[in-house]
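Student:
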Amino acid sequence: MKRTGILNRHLAGATAELGHGDGVLICDAGMPIPAGPRVVDLAFRAGVPSFQEVLEGLLEELVVEGATAATEIRGANPAASALLDGHFGATLAHVPHEELKSLSAGARLIVRTGEARPYANVLLRCGVFF
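To convert, note that position 53 of the sequence shown is 49 in our numbering; the numbers rise steadily by one, no gaps.
1. If I measure Cβ to Cβ from Glu61 and keep anything under 6 angstroms in the same chain, skipping five residues before and after, which residues do I get?
2. Are Phe47 and Ile22 touching if we call contact CB-CB under 9 angstroms?
3. Could you give the residue range of the alpha helix (DSSP H) that holds Glu174?
4. Does the Cβ of Gly17 have 16 or more other Cβ atoms within 10 Å, making it buried, or fewer, making it exposed?
5. Mind checking whether the beta-carbon of His16 lies closer than 8 angstroms to any heavy atom of the ligand NAP?
6. Is the distance from the Cβ of Ala103 to the Cβ of Leu88 below 9 angstroms?
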């Protein structure tokens, strides 16, 4: 058994298969899940695991070259907005929530958290480690 890193076997396997340019959507429990992408549902109950826990855990495992969030996050969820700004700064792109939902259909992996606050969603674009 692994001692560190991602222990969930579905998530560990899915992240190992990601390549340059692949999209990973980390989403709250309320985000509609499109048909097509691989989904790892980590939601246990409201708030568990949190958006922050999942985001920070995945950022330890992935190289990310870009991120996109919903414009609405700024007003509706200042804590999640500040979290994303702290990780991605000026490189964080914002699009309307409806566009983020459309973009999520092109993700290779969707990770659903137990987050119960609005707009706690981010689409990551994988980079390479070299």
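From the three backbone atoms N, C-alpha and C, an ideal C-beta is built for every residue, glycine too.
Tutor: In terms of the structure at hand:
1. Locating residue 61 in the sequence shown gives position 65, where the first residue counts as 1. In its chain, beyond the 5 residues on either side, Arg121, Gly123 have a beta carbon closer than 6 angstroms to the beta carbon of Glu61.
2. Counted from its first residue, the sequence shown places residue 47 at position 51. Counted from its first residue, the sequence shown places residue 22 at position 26. Yes, these two residues count as a Cβ contact at 9 angstroms.
3. Residue 174 is absent from the structure shown; the chain starts at -3 and stops at 126.
4. To locate residue 17, count along the sequence shown from 1; it is residue 21. It counts as exposed.
5. As presented, the structure is devoid of all ligands, the ligand NAP included, so that no description of it is given.
6. By one-based count along the sequence shown, residue 103 stands at place 107. By one-based count along the sequence shown, residue 88 stands at place 92. No, the pair does not count as a contact, with Cβ atoms beyond the cut-off.
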